[in-house]
Amino acid sequence: MIVVYGIKNCDSVKKARTWLEARQIAYRFHDYRIDGLDAALLQRFVDALGVDAVLNQRSTSWRQLDDAQKSDLTPDKAVQLMLAVPTLIKRPILDNGQQLIVGFNPDQYPTE
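First residue of the sequence shown: 505, per the numbering used here; consecutive thereafter.
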């Protein structure tokens with residue numbers, strides 16, 4: 505079963521879900537705000553994709569952090585920030601059971 509991780513009001517998440525639904529591809533949606541986000545899941549994303557691929561440093565949430573939070577960023581510090589502020593995670597993250605895909609790119613999405 506494909507799992508789409510994100511936040512329901514995110515435009516990229518909406519595009520991904522619409523794309524999957526239009527192709528009648530079954531998936532489960534995991535909303536960080538409703539379903540939660542635990543350290544093990546986030547660490548799995550970071551281990552597989554790298555912290556730079558998971559942490560969205562171009563987001564509004566990132567810009568709202570103070571300089572002390574953004575400075576001396578280590579992978580562990582980045583994970584702690586993303587756990588505290590899940591909107592710092594790039595969205596969506598699609599798990600097709602074989603790989604994780606960050607963002608919405610229909611060329612990378614499953615076709616069935």
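Think of the CB as a built atom: it goes at the ideal place given N, C-alpha and C, for glycine as much as any other residue.
The model shown is predicted, which means the values in this text are computed figures rather than measured ones.
Cut-off 6 Å between Cβ atoms - residues of its own chain near residue i, not counting five sequence neighbours on either side
i, result
"residue 600", "506, 614"
"residue 565", "589, 591, 592"
Of the residues the options, the one placed nearest residue i, counting alpha carbons only
i, options, result
"residue 539", "511, 571, 568", "511"
"residue 515", "605, 594, 576, 579", "594"
"residue 517", "528, 616, 534, 611", "534"
"residue 544", "612, 616, 584, 578", "584"
"residue 509", "526, 566, 548", "548"
"residue 550", "580, 596, 588", "580"
"residue 536", "616, 608, 587", "587"
Residues of its chain near residue i, where Cβ-Cβ distance is below 7 Å and the 5 sequence neighbours each way are ignored
i, result
"residue 553", "604, 606"
Simplified DSSP assignment, three categories, for residue i
i, result
"residue 504", "Not covered by the structure: residue 504. The range shown for the chain is 505 to 616."
"residue 529", "coil"
"residue 613", "coil"
"residue 545", "helix"
"residue 538", "helix"
8 Å Cβ shell around residue i - same chain, five flanking residues per side excluded
i, result
"residue 610", "523"
"residue 546", "558, 583, 586, 587, 593"
"residue 520", "508, 510, 596, 598, 608, 613"
Where residue i falls, given that 16 or more other Cβ within 10 Å makes a residue buried
i, result
"residue 582", "buried"
"residue 530", "exposed"
"residue 559", "buried"
"residue 598", "buried"
"residue 526", "exposed"
Quiz item: Which ranges would you report for the alpha helix (DSSP H) in the segment 551-576 if only whole runs of at least 4 residues count?
Solution: Entirely contained in the segment 551-576, the alpha helix (DSSP H) runs reaching 4 residues are, in chain order, 555-558, 564-568, 571-574.
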